[in-house]
Each structure stands twice: as C-alpha cells, then as structure tokens.
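Novice: I'd like to ask some things about the structure below.
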Ligand code: F6R
C-alpha cells in the first residue's frame, strides 16, 4: 500500500487523478469502479479534464458503481445511479449506457438478491475492475460495508448503520428519508479490482484513516482491507493524515 500526503483537497484531486490515469489500460476499454460521496468529486472533475485533453480513454470506458440505496425510485436525485450520471457521466464524459449500478428498486428481498448477483456477474463479464475509486466512512466503512462486514464478502443487500444514515442525512429532506438498506459490493469484490485508489480529506476522517492504514486488518474497520491489496494507493490531505503515526 502506498500512502501519499499532500497539503490540500485540491492537491488530493490532482494527484489521485494522475494515479488513476496512469493505472488505467490504454490498449483496451478501461473499467472504472466508482464511489459516490463528496470525497471523489474533485478527482472526477480532474478526470474530465484529462479526458478532454485526450489523456484518458473514456469513449469506450465502463463505470461500475460500488453501491446503491434500496427503495429509491429510478430517477430519484439521490439514487446513486442518478448521482453517478450527474457527477461522473456528465463530468468525465462516460457513456450512460456503460454505467452499471446495482438495481435497488426491487419489490422484495428476492429481487434485490438477484440484482446483487447480477452486479457481480456484470463485473466478471467486463473482465474485472481496473481501478476502483474509494472514499472512507468516518466509521471506517468501505462502500457500504459497515464495521463487522465479512472480509471476503461479495455484492449483497445490507442494512445501513445508524451512523452512516446520520452522515448521509445531509442529502435528504429529513433523516427519516434516508434509506435503511443498500446493495453494496462486498469487501472481497472490492479486493478483486486490479488497483484501488482511496481518497480522504478533512479532520473528520483522520481517526478512520489511522485505523485503516495503521491498525490491525479487521472486520471492525472495513477499510483496513486495503492493507491486504497488492496495488492500493491512498491519497490524503494533511488534515485526514493528522492521526497517522
Ligand atoms: C460511496 C460509498 C461510501 C463513501 C463514504 C465517504 O459510494 O460507498 O463508502 O465513500 O461514505 O463518503 P464521503 O466521501 O461523502 O465522505
């Protein structure tokens, strides 16, 4: 695992974008793993600039979402499909037809379990994820793999923790509107990507970052699985890095 510390969130976006561009294949269509949330927004803007400058093969690239809420109607402004269309397809130039997001609209558990399985199959059919972009939750979650998630887990339906629902309430009209469940790539799915690039900024992430990078590899801190990956790069600003030894 490589840990890169730079002064500001803008520097994180710049450096992480160049790491992602360098890690993506140019001789075949690249497959990008996509996180939502605030952390990668600057990175996506830089990838858009790289694509416009011809430094990123975006015309036939695919994007694979890390996760999706359960129970938001298609087109809901906070569904991760809508968010990724807005913040990645429209910004980076990725074709919406090649954006693959788990379907969280299923009417019952059986339909949602089938949607999770299809997401795994989609990743395999694409030949695997080349670069998985990641953020980290203040509780150490990765994707929506909350503390206690199995280290070898695959894409599945999960209940969101109270902490994560509270953290994400800022995107909804009221805290009760935050979905209670999600479909998320598992930690084992994330570890199957050829390379991982995690970005974190701000003091609120410092404790989770220190636990993930310097604590034990444990289900109690899902992001600690990065220690286990052969090609993981973590890009931090100084505030997020403040509690590293
Ligand atoms: C997003 C995701 C989450 C976020 C994490 C950090 O698809 O799966 O793990 O990466 O909650 O969110 P932000 O970046 O908003 O602090």
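Residue numbers (this note's numbering): 733 to 977. Idealized CB from N, CA, C, for every residue including glycine.
(1) Mind checking which residues open and close the beta strand (DSSP E) that includes residue 966?
(2) Using only the alpha-carbon positions, how far apart do residue 794 and residue 827 sit?
(3) Take residue 884 and list the residues in its own chain whose beta-carbon comes closer than 6 Å to its own, dropping the five residues that flank it on each side.
(4) Could you check whether residue 930 and residue 889 sit closer than 9 Å to each other, using their CB atoms as the reference points?
(5) In terms of residues, what are the limits of the beta strand (DSSP E) holding residue 862?
(6) Ordered along the chain, which non-local residues of its own chain (more than five positions away) have a Cβ less than 6 Å from that of residue 901?
(7) At the level of alpha carbons, what is the spacing between residue 915 and residue 932?
(8) Does the Cβ-Cβ distance between residue 943 and residue 973 come in under 9 Å?
(9) What span of residues does the beta strand (DSSP E) with residue 758 cover, start to end?
(10) I need the boundaries of the alpha helix (DSSP H) containing residue 797, first residue and last residue.
Specialist: Walking through what the data contain:
(1) 964-969
(2) Going by the C-alpha atoms only, they are around 8 Å apart.
(3) 920
(4) no
(5) Unbroken run through residue 862: none, as it is neither H nor E.
(6) Cβ neighbours of residue 901 within its own chain (closer than 6 Å, five residues either side excluded): 907 and 910.
(7) 23 Å
(8) No, the Cβ-Cβ distance between residue 943 and residue 973 is not below 9 Å.
(9) Looking at the DSSP string, residue 758 is not in any beta strand (DSSP E), and its letter there is neither H nor E.
(10) Here residue 797 belongs to no alpha helix (DSSP H); instead the beta strand (DSSP E) covers 794-797.
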